[in-house]
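Numbering (my numbering), first residue to last: 10 to 98.
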């Protein structure tokens with residue numbers, strides 16, 4: 010079966026700051042969630058607290074944003090397998 014769509018999930022520190030960053034480049038908020046469920050109008054927070062999960066989109070492309078959960082923030086990696094340096098990507 011061919012893959013038609015993939016939606017990446019980025020681990021972020023702050024949903025609101027991440028929304029703002031994407032909006033600088035013309036992306037739009039899709040949704041936001043916290044422990045109580047969907048937050049109206051993809052707001053950053055409601056009476057139940059800050060958003061823990063959200064999404065942004067541009068056209069048919071969507072990126073999910075997850076605060077402090079799925080995935081990792083990343084770390085320095087060796088430049089190639091077997092290398093001892095940590096300056097590579």
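All C-beta atoms, glycine included, are put in the ideal place defined by N, C-alpha and C.
Each residue's CA atom was taken as its position, placing residue 64 and residue 12 some 21 Å apart. Counting only the Cα atoms, residue 22 lies some 14 Å from residue 54. Note on residue 34: under 16 other CB atoms within 10 angstroms of its CB, so exposed under the neighbour-count rule. The beta carbon of residue 74 sits closer than 6 Å to those of 19, 21, 24, 27, 63, all from its chain and outside the five residues before and after it, given in chain order. Annotation: the segment 55 to 83 contains the following complete segments of the beta strand (DSSP E) (minimum length 3 residues), in chain order: 62 to 67, 70 to 76.
Shortest Cα-Cα distance from residue 47 to any of 37, 61, 71 involves 61. Here residue 25 carries a helix assignment [DSSP, helix/strand/coil]. Within its own chain, the residues whose Cβ lies closer than 7 Å to the Cβ of residue 66, once the five positions on either side in sequence are excluded, are 36, 37, 39, listed in chain order.
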